[in-house]
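First up is the structure itself, then whatever we jot down about it.
Right, here's the structure in full:
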């Protein structure tokens with residue numbers, strides 16, 4: 010599948026993450042394990058965040074398949090909260106990208122990994 014924009018790609022990945030979160034919530038419900046009713050997903054793409062919350066943006070996204078728009082339904086039903094996080098603050102980047110020393114130290118410290126003695 011090829012995306013036409015970074016926002017579209019981010020929105021599609023958001024839809025995949027939403028499906029996984031909804032599955033976990035249903036599993037927790039079936040096991041009678043208490044959990045927050047609203048899941049929180051953090052994104053570093055404002056376009057995907059706005060697209061998930063504002064139906065006006067949907068008029069510009071006719072090329073995105075309809076099955077990805079269930080993200081907006083989950084947000085509207087208050088079962089999903091999408092928040093913005095700056096790319097520089099994404100801890101996961103330590104696993105996926107080369108980082109400058111300062112960010113690598115922050116990544117290491119957040120994982121409680123000791124510096125080599």
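Residue numbers (this note's numbering): 10 to 126. No residue lacks a Cβ here, since even glycine has one placed at the ideal position from N, Cα and C.
What are the start and end residues of the alpha helix (DSSP H) that includes residue i?
i, result
"residue 50", "Not the alpha helix (DSSP H): residue 50 falls in the beta strand (DSSP E), residues 48 to 52."
"residue 106", "Here residue 106 belongs to no alpha helix (DSSP H), and DSSP marks it neither H nor E."
"residue 25", "15 to 39"
"residue 133", "This structure leaves residue 133 out entirely; the chain is present only between 10 and 126."
Can you name the start and end residues of the beta strand (DSSP E) that residue i belongs to?
i, result
"residue 90", "89 to 93"
Please identify the residue among the options whose C-alpha is closest to the C-alpha of residue i.
i, options, result
"residue 52", "119, 117, 94 and 121", "94"
"residue 96", "48, 108, 86 and 87", "108"
With a Cβ-Cβ cutoff of 9 Å, do residue i and residue j count as a contact?
i, j, result
"residue 38", "residue 44", "yes"
"residue 47", "residue 81", "no"
"residue 79", "residue 100", "no"
For residue i, collect the residues of the same chain with a Cβ closer than 6 Å to its Cβ; drop the 5 residues on either side in sequence, then sort them by chain order.
i, result
"residue 98", "none"
Leaving aside the five residues before and after residue i along the sequence, list all residues of the same chain whose C-beta is less than 8 Å from its C-beta, in chain order.
i, result
"residue 50", "23, 26, 27, 30, 89, 90, 91 and 92"
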